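One structure below.
Residue numbers (the numbering used here): 711 to 1015.
Right, dumping it as C-alpha coordinates:
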(Lines of atoms letter the chains of each structure in order from A and count residues from 1; the text may use other names and numbers.)
(Lines give C-alpha, C1' and ligand atoms only; values in the text may rest on other atoms or scores of the structure.)
Protein backbone atom coordinates (compact mmCIF):
# COMPACT_ATOMS: atom_id res chain seq x y z
CA UNK A 1 0.00 0.00 0.00
CA UNK A 2 2.82 2.42 0.82
CA UNK A 3 4.43 2.00 -2.61
CA UNK A 4 1.10 2.58 -4.35
CA UNK A 5 0.55 5.68 -2.22
CA UNK A 6 4.01 7.04 -3.07
CA UNK A 7 3.42 6.55 -6.80
CA UNK A 8 0.00 8.20 -6.57
CA UNK A 9 1.46 11.19 -4.68
CA UNK A 10 4.14 11.63 -7.36
CA UNK A 11 1.53 11.76 -10.14
CA UNK A 12 -0.67 14.14 -8.18
CA UNK A 13 2.23 16.50 -7.62
CA UNK A 14 2.99 16.35 -11.34
CA UNK A 15 -0.58 17.34 -12.18
CA UNK A 16 -1.08 20.08 -9.57
CA UNK A 17 0.95 23.17 -8.83
CA UNK A 18 0.65 22.94 -5.05
CA UNK A 19 -0.98 20.38 -2.77
CA UNK A 20 -1.06 20.73 1.01
CA UNK A 21 -0.12 17.89 3.35
CA UNK A 22 -3.62 17.95 4.86
CA UNK A 23 -5.21 17.56 1.41
CA UNK A 24 -3.02 14.58 0.58
CA UNK A 25 -3.57 13.07 4.04
CA UNK A 26 -7.33 13.31 3.66
CA UNK A 27 -7.31 11.70 0.22
CA UNK A 28 -5.08 8.78 1.19
CA UNK A 29 -6.60 8.34 4.67
CA UNK A 30 -3.33 8.81 6.55
CA UNK A 31 -1.97 11.45 8.93
CA UNK A 32 -0.14 14.60 7.74
CA UNK A 33 2.96 13.25 9.51
CA UNK A 34 2.84 10.19 7.22
CA UNK A 35 2.62 12.48 4.18
CA UNK A 36 5.73 14.38 5.34
CA UNK A 37 7.62 11.08 5.59
CA UNK A 38 6.37 10.08 2.13
CA UNK A 39 7.63 13.38 0.68
CA UNK A 40 11.06 12.70 2.19
CA UNK A 41 11.14 9.29 0.50
CA UNK A 42 10.07 10.81 -2.85
CA UNK A 43 12.81 13.44 -2.60
CA UNK A 44 15.37 10.76 -1.74
CA UNK A 45 14.32 8.91 -4.89
CA UNK A 46 15.39 11.91 -6.98
CA UNK A 47 12.09 13.68 -7.67
CA UNK A 48 12.44 17.49 -7.43
CA UNK A 49 9.73 18.24 -4.85
CA UNK A 50 9.54 21.85 -3.67
CA UNK A 51 8.03 22.91 -0.33
CA UNK A 52 5.96 26.13 -0.34
CA UNK A 53 5.44 27.99 2.93
CA UNK A 54 2.47 30.07 4.06
CA UNK A 55 -1.29 29.65 4.44
CA UNK A 56 -1.60 28.42 0.84
CA UNK A 57 1.57 26.40 0.97
CA UNK A 58 2.22 22.75 0.40
CA UNK A 59 4.23 20.64 -1.99
CA UNK A 60 4.77 20.72 -5.73
CA UNK A 61 7.15 19.55 -8.44
CA UNK A 62 9.87 21.80 -9.83
CA UNK A 63 8.48 23.90 -12.69
CA UNK A 64 9.01 22.30 -16.09
CA UNK A 65 9.62 18.81 -14.70
CA UNK A 66 7.77 16.13 -16.65
CA UNK A 67 7.87 12.38 -17.00
CA UNK A 68 9.62 10.83 -20.01
CA UNK A 69 7.44 11.16 -23.12
CA UNK A 70 9.39 8.72 -25.26
CA UNK A 71 6.91 5.89 -24.73
CA UNK A 72 3.88 7.67 -26.15
CA UNK A 73 3.46 10.64 -28.44
CA UNK A 74 1.27 13.57 -27.43
CA UNK A 75 -1.45 12.53 -29.90
CA UNK A 76 -1.59 9.03 -28.38
CA UNK A 77 -1.78 10.42 -24.86
CA UNK A 78 -4.57 12.91 -25.59
CA UNK A 79 -6.60 10.22 -27.35
CA UNK A 80 -6.18 7.77 -24.48
CA UNK A 81 -7.15 10.41 -21.93
CA UNK A 82 -10.32 11.27 -23.85
CA UNK A 83 -11.46 7.65 -24.19
CA UNK A 84 -10.58 6.76 -20.60
CA UNK A 85 -12.40 9.84 -19.28
CA UNK A 86 -15.57 8.72 -21.05
CA UNK A 87 -15.25 5.17 -19.70
CA UNK A 88 -14.58 6.54 -16.22
CA UNK A 89 -17.87 8.47 -16.28
CA UNK A 90 -19.78 5.36 -17.38
CA UNK A 91 -18.22 2.82 -15.02
CA UNK A 92 -17.52 5.22 -12.12
CA UNK A 93 -14.10 3.62 -11.69
CA UNK A 94 -11.63 5.56 -9.53
CA UNK A 95 -8.74 3.47 -10.87
CA UNK A 96 -9.42 4.78 -14.36
CA UNK A 97 -9.20 8.32 -13.01
CA UNK A 98 -5.82 7.45 -11.51
CA UNK A 99 -4.63 6.23 -14.91
CA UNK A 100 -5.83 9.49 -16.48
CA UNK A 101 -3.80 11.52 -13.99
CA UNK A 102 -0.69 9.51 -14.79
CA UNK A 103 -1.19 10.01 -18.53
CA UNK A 104 -1.69 13.74 -18.04
CA UNK A 105 1.85 14.01 -16.74
CA UNK A 106 3.22 13.13 -20.19
CA UNK A 107 0.56 14.93 -22.20
CA UNK A 108 0.87 18.33 -23.79
CA UNK A 109 -1.01 21.43 -22.83
CA UNK A 110 -3.47 22.63 -25.46
CA UNK A 111 -6.29 25.14 -25.49
CA UNK A 112 -9.04 22.60 -26.21
CA UNK A 113 -9.18 18.84 -26.81
CA UNK A 114 -9.41 17.76 -30.44
CA UNK A 115 -11.46 14.65 -29.64
CA UNK A 116 -14.55 14.04 -27.51
CA UNK A 117 -16.32 10.76 -26.69
CA UNK A 118 -19.64 10.67 -24.80
CA UNK A 119 -21.00 7.27 -23.78
CA UNK A 120 -23.28 8.56 -21.03
CA UNK A 121 -26.36 8.52 -23.25
CA UNK A 122 -26.02 4.77 -23.89
CA UNK A 123 -26.13 3.64 -20.27
CA UNK A 124 -28.84 1.17 -19.28
CA UNK A 125 -29.41 1.66 -15.56
CA UNK A 126 -27.07 3.32 -13.10
CA UNK A 127 -25.59 0.09 -11.69
CA UNK A 128 -25.71 -2.46 -14.52
CA UNK A 129 -22.41 -1.67 -16.25
CA UNK A 130 -20.26 -1.22 -13.11
CA UNK A 131 -21.73 -4.37 -11.54
CA UNK A 132 -21.22 -6.47 -14.67
CA UNK A 133 -17.65 -5.26 -14.98
CA UNK A 134 -17.10 -6.19 -11.35
CA UNK A 135 -18.51 -9.65 -12.07
CA UNK A 136 -16.09 -10.05 -14.99
CA UNK A 137 -13.09 -9.04 -12.89
CA UNK A 138 -14.05 -11.30 -9.98
CA UNK A 139 -15.27 -14.14 -12.25
CA UNK A 140 -18.67 -14.22 -10.55
CA UNK A 141 -21.73 -15.79 -12.13
CA UNK A 142 -24.62 -13.42 -12.91
CA UNK A 143 -28.31 -14.19 -13.30
CA UNK A 144 -30.95 -12.14 -15.09
CA UNK A 145 -34.20 -12.34 -17.00
CA UNK A 146 -33.71 -11.82 -20.72
CA UNK A 147 -36.09 -10.73 -23.48
CA UNK A 148 -35.06 -12.04 -26.92
CA UNK A 149 -35.64 -10.30 -30.24
CA UNK A 150 -38.76 -12.48 -30.57
CA UNK A 151 -40.04 -11.19 -27.19
CA UNK A 152 -39.42 -14.51 -25.44
CA UNK A 153 -38.71 -14.23 -21.69
CA UNK A 154 -36.10 -16.56 -20.21
CA UNK A 155 -34.03 -16.70 -17.04
CA UNK A 156 -30.28 -16.93 -17.70
CA UNK A 157 -27.27 -17.92 -15.61
CA UNK A 158 -24.11 -16.58 -17.24
CA UNK A 159 -20.37 -16.59 -16.69
CA UNK A 160 -19.58 -13.03 -17.90
CA UNK A 161 -16.40 -12.61 -19.95
CA UNK A 162 -16.45 -9.14 -21.51
CA UNK A 163 -18.53 -6.07 -22.22
CA UNK A 164 -18.74 -4.93 -25.82
CA UNK A 165 -19.94 -1.57 -27.13
CA UNK A 166 -21.12 -1.84 -30.73
CA UNK A 167 -24.01 -0.76 -32.93
CA UNK A 168 -24.58 2.11 -30.43
CA UNK A 169 -25.44 -0.35 -27.64
CA UNK A 170 -23.76 -2.28 -24.83
CA UNK A 171 -23.57 -6.10 -25.00
CA UNK A 172 -22.44 -8.75 -22.53
CA UNK A 173 -20.56 -11.76 -23.90
CA UNK A 174 -20.20 -14.87 -21.80
CA UNK A 175 -20.86 -18.55 -21.28
CA UNK A 176 -24.57 -19.16 -20.74
CA UNK A 177 -25.04 -22.06 -18.33
CA UNK A 178 -28.73 -22.15 -19.24
CA UNK A 179 -27.87 -22.92 -22.89
CA UNK A 180 -24.48 -24.62 -22.36
CA UNK A 181 -22.88 -22.36 -24.96
CA UNK A 182 -21.36 -18.91 -25.48
CA UNK A 183 -23.90 -16.17 -26.02
CA UNK A 184 -24.15 -12.41 -26.42
CA UNK A 185 -26.80 -10.41 -24.57
CA UNK A 186 -27.94 -6.88 -25.23
CA UNK A 187 -27.98 -4.97 -21.95
CA UNK A 188 -31.15 -3.06 -22.77
CA UNK A 189 -33.03 -6.41 -22.74
CA UNK A 190 -31.55 -7.66 -19.47
CA UNK A 191 -33.88 -7.42 -16.48
CA UNK A 192 -32.81 -7.58 -12.83
CA UNK A 193 -29.13 -8.54 -13.33
CA UNK A 194 -27.78 -10.01 -10.09
CA UNK A 195 -24.23 -10.92 -9.05
CA UNK A 196 -24.17 -14.28 -7.29
CA UNK A 197 -21.56 -15.65 -4.89
CA UNK A 198 -20.69 -18.46 -7.33
CA UNK A 199 -17.21 -18.18 -8.88
CA UNK A 200 -16.29 -19.75 -12.23
CA UNK A 201 -12.95 -20.94 -13.60
CA UNK A 202 -11.06 -18.92 -16.26
CA UNK A 203 -11.98 -19.61 -19.90
CA UNK A 204 -8.73 -20.37 -21.68
CA UNK A 205 -10.05 -21.19 -25.16
CA UNK A 206 -12.72 -18.74 -26.25
CA UNK A 207 -14.45 -19.08 -29.64
CA UNK A 208 -13.87 -16.25 -32.06
CA UNK A 209 -16.79 -13.90 -32.54
CA UNK A 210 -17.94 -13.38 -36.10
CA UNK A 211 -18.45 -9.63 -36.33
CA UNK A 212 -18.05 -9.49 -40.10
CA UNK A 213 -20.02 -11.25 -42.83
CA UNK A 214 -18.72 -14.73 -43.57
CA UNK A 215 -19.53 -17.61 -45.89
CA UNK A 216 -22.66 -18.41 -43.91
CA UNK A 217 -24.06 -15.03 -44.98
CA UNK A 218 -23.55 -15.58 -48.69
CA UNK A 219 -26.83 -15.55 -50.57
CA UNK A 220 -28.72 -14.16 -47.56
CA UNK A 221 -27.79 -10.48 -47.88
CA UNK A 222 -30.36 -8.57 -49.90
CA UNK A 223 -30.36 -4.97 -51.08
CA UNK A 224 -33.00 -2.68 -49.60
CA UNK A 225 -33.75 0.35 -51.78
CA UNK A 226 -35.06 3.37 -49.91
CA UNK A 227 -36.22 6.74 -51.23
CA UNK A 228 -35.91 9.63 -48.76
CA UNK A 229 -37.78 12.91 -49.15
CA UNK A 230 -35.70 16.12 -48.90
CA UNK A 231 -37.02 16.89 -45.40
CA UNK A 232 -36.06 13.42 -44.10
CA UNK A 233 -32.57 12.99 -45.59
CA UNK A 234 -30.73 13.94 -42.39
CA UNK A 235 -32.79 11.47 -40.34
CA UNK A 236 -32.23 8.66 -42.86
CA UNK A 237 -28.49 9.34 -43.12
CA UNK A 238 -28.18 9.17 -39.34
CA UNK A 239 -29.21 5.51 -39.62
CA UNK A 240 -27.72 4.49 -42.98
CA UNK A 241 -24.75 6.80 -43.59
CA UNK A 242 -22.67 4.02 -45.22
CA UNK A 243 -25.27 3.16 -47.86
CA UNK A 244 -24.78 3.84 -51.56
CA UNK A 245 -26.48 7.18 -52.25
CA UNK A 246 -27.92 8.92 -55.27
CA UNK A 247 -29.21 12.50 -55.08
CA UNK A 248 -32.03 13.55 -57.41
CA UNK A 249 -32.90 16.91 -58.94
CA UNK A 250 -35.96 17.32 -56.67
CA UNK A 251 -33.71 17.08 -53.59
CA UNK A 252 -34.71 13.54 -52.66
CA UNK A 253 -32.20 10.71 -52.22
CA UNK A 254 -32.16 7.02 -53.08
CA UNK A 255 -30.19 4.73 -50.79
CA UNK A 256 -29.18 1.12 -51.43
CA UNK A 257 -28.59 -0.76 -48.19
CA UNK A 258 -27.28 -4.36 -47.99
CA UNK A 259 -29.16 -6.13 -45.18
CA UNK A 260 -28.92 -9.69 -43.88
CA UNK A 261 -32.37 -11.30 -44.29
CA UNK A 262 -34.33 -8.01 -44.41
CA UNK A 263 -37.68 -9.85 -44.33
CA UNK A 264 -36.76 -11.15 -40.86
CA UNK A 265 -34.89 -8.08 -39.57
CA UNK A 266 -37.28 -6.60 -37.01
CA UNK A 267 -34.70 -3.96 -36.09
CA UNK A 268 -34.84 -2.72 -39.68
CA UNK A 269 -38.64 -2.56 -39.71
CA UNK A 270 -38.66 -0.35 -36.62
CA UNK A 271 -36.18 2.07 -38.15
CA UNK A 272 -38.04 2.28 -41.45
CA UNK A 273 -41.40 2.84 -39.77
CA UNK A 274 -39.80 5.53 -37.63
CA UNK A 275 -39.18 7.60 -40.76
CA UNK A 276 -42.95 7.99 -41.20
CA UNK A 277 -43.89 9.51 -44.55
CA UNK A 278 -40.37 10.86 -44.99
CA UNK A 279 -39.02 7.68 -46.60
CA UNK A 280 -40.46 4.95 -48.81
CA UNK A 281 -39.14 1.43 -49.34
CA UNK A 282 -39.00 0.67 -53.06
CA UNK A 283 -37.49 -2.82 -52.89
CA UNK A 284 -37.94 -5.60 -52.01
CA UNK A 285 -41.68 -5.69 -52.58
CA UNK A 286 -42.18 -8.20 -49.78
CA UNK A 287 -40.73 -5.73 -47.30
CA UNK A 288 -43.25 -3.12 -48.43
CA UNK A 289 -46.02 -5.61 -47.62
CA UNK A 290 -44.61 -6.28 -44.15
CA UNK A 291 -44.41 -2.56 -43.35
CA UNK A 292 -47.95 -1.99 -44.63
CA UNK A 293 -49.33 -4.75 -42.39
CA UNK A 294 -47.57 -3.36 -39.36
CA UNK A 295 -48.89 0.13 -40.06
CA UNK A 296 -52.43 -1.23 -40.38
CA UNK A 297 -52.09 -3.06 -37.07
CA UNK A 298 -50.86 0.13 -35.44
CA UNK A 299 -53.82 2.12 -36.79
CA UNK A 300 -56.21 -0.37 -35.19
CA UNK A 301 -54.94 0.74 -31.78
CA UNK A 302 -56.19 4.26 -32.47
CA UNK A 303 -59.53 3.58 -34.20
CA UNK A 304 -61.46 5.24 -31.37
CA UNK A 305 -59.37 8.41 -31.43
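Glycine is no exception: its CB is placed at the ideal position from the N, C-alpha and C atoms. Fair warning: this is a prediction, and the values are worked out from it, not measured in the lab.
- Straight-line spacing of the CA atoms in residue 733 and residue 910 works out to 41 angstroms.
- Selection 872, 887 and 892 evaluated against residue 880 yields 872 as nearest (Cα-Cα).
- Listed in chain order, the beta strand (DSSP E) runs fully inside the segment 937–1002 are 954–957, 963–970 and 989–993, counting runs of at least 3 residues.
- Taking a contact to require three or more Cβ pairs closer than 8 angstroms, the segment 963–971 and the segment 933–946 qualify as touching.
- Under DSSP, residue 900 forms a beta bridge with 856.
- Minimum Cα-Cα distance from residue 950 among the listed residues 886, 977, 930 and 749 corresponds to 977.
- Residue pairing of residue 894 in beta bridges, as defined by DSSP: 883.
- In the DSSP assignment, residue 746 falls within the alpha helix (DSSP H) that extends over 742–754.
- In the three-state DSSP reduction, residue 1013 falls in the coil class, being neither helix nor strand.
- Separation of residue 942 and residue 982 (C-alpha to C-alpha, rounded to the nearest whole angstrom) is 12 angstroms.
- The beta carbon of residue 997 sits closer than 7 angstroms to those of 934, 972, 973 and 991, all from its chain and outside the five residues before and after it, given in chain order.
- In the DSSP assignment, residue 931 forms a beta bridge with 970.
- Shown here, residue 867 sits in a strand according to DSSP, grouped into three states.
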